[in-house]
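Since the structure comes first, as structure tokens, the remarks are kept for the end.
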Amino acid sequence: MPRYRHVSLLLICFIAVADAITVWSLIEDKAGVQVFSREEPGQDLKRFKAQTRVDDPADTILAALQDTKACPEWVHNCVSNKMVEMIDVKTRIYHTTVNAPLWFKHRDFYQQAHVVYEPKERVFTISFQSRPDYAPESNQAVRIHDVEMTWTLKAVGQRETEVTYEVYIDPRLPFKSINHAMIKRSMYKTLQGLAEIVQSPKYKGTTYTEAELEMLSEVE
């Protein structure tokens, strides 16, 4: 019996440690935007998440997210964002270049994006996975290899949308504190920028048809 009790205690300790690792800590709460961080198992840097509510339908926000040319207007530090390949209606590959702080070179990365619509919950989810070897590296920028992003747009009522932006990225800057400060600021400023850019007339009134939403839904 003591042996089993010892094993049980070890399991409880293991679960407690695992839970502690995955807990989000609120690190900023300002102007309707909340930014959280948590330790990322097996990685040196933290994972970040930002949330806000936008007084516009999810269709409008998705239209803004997919407007690659507008990236420098609202995504913090974005220099350019281009779709380089459309695999299918739900899957695309993007190349993004961002400013780095101080005297450091621009950073760039390739990502494969996959958008899914969940009709019961009225949720759009756009997941981005790193594709660092998609194209040769440029002398003009440092290639980011470790980057994952997720945008979640959840309808709240008829018009309001809860927006969640989750990121793990290693900008390859020399100090952990510089990396974390850059990411935290980017998360906050990007959600602020999104809330502003969706007010543009070119996005207002965007509505996806039932047929379009069905194409974005996962077939069970």
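The opening position of the sequence shown corresponds to residue 1 in my numbering, with each subsequent residue numbered one higher. Backbone N, C-alpha and C define an ideal beta-carbon position, used for all residues, glycine too.
Query                                                                                                                                       : Result
Just the Cα atoms here: how many angstroms apart are H180 and T190?                                                                         : 15 angstroms
Quick one: what's got a C-beta closer than 6 angstroms to E162's C-beta in the same chain, skipping five residues either side?              : R53, K154, V156
Within 10 angstroms of its Cβ, does F175 collect 16 or more other Cβ (buried), or is it exposed?                                            : exposed
Looking at T60 and V198, is the spacing between their C-beta atoms short of 7 angstroms?                                                    : yes
So what's I183 in DSSP terms, helix, strand or just coil?                                                                                   : helix
I'd like to know whether the C-beta atoms of V89 and M215 end up nearer to each other than 7 angstroms.                                     : yes
If the criterion is Cβ atoms closer than 7 angstroms, does the pair K46 and S37 meet it?                                                    : yes
Give the secondary structure of S138 by DSSP, where H, G and I count as helix, E and B as strand, and everything else as coil.              : coil
Round the Cβ separation of Q111 and Y94 to the nearest angstrom and send it over; I've been treating them as touching at under 8 angstroms. : 5 angstroms
Hey, out of E118, R185, Q158, V79, whose CA is closest to E210's CA?                                                                        : E118
When the Cα atoms are used, what is the spatial distance from V98 to I144?                                                                  : 10 angstroms
Going by DSSP, what residue range makes up the alpha helix (DSSP H) through L213?                                                           : 210 to 216
Is it buried or exposed, D108, if we count other Cβ atoms within 10 angstroms and call 16 or more buried?                                   : buried
When DSSP builds the beta bridges, which residues end up paired with S177?                                                                  : S177 pairs with nothing; no bridge assigned.
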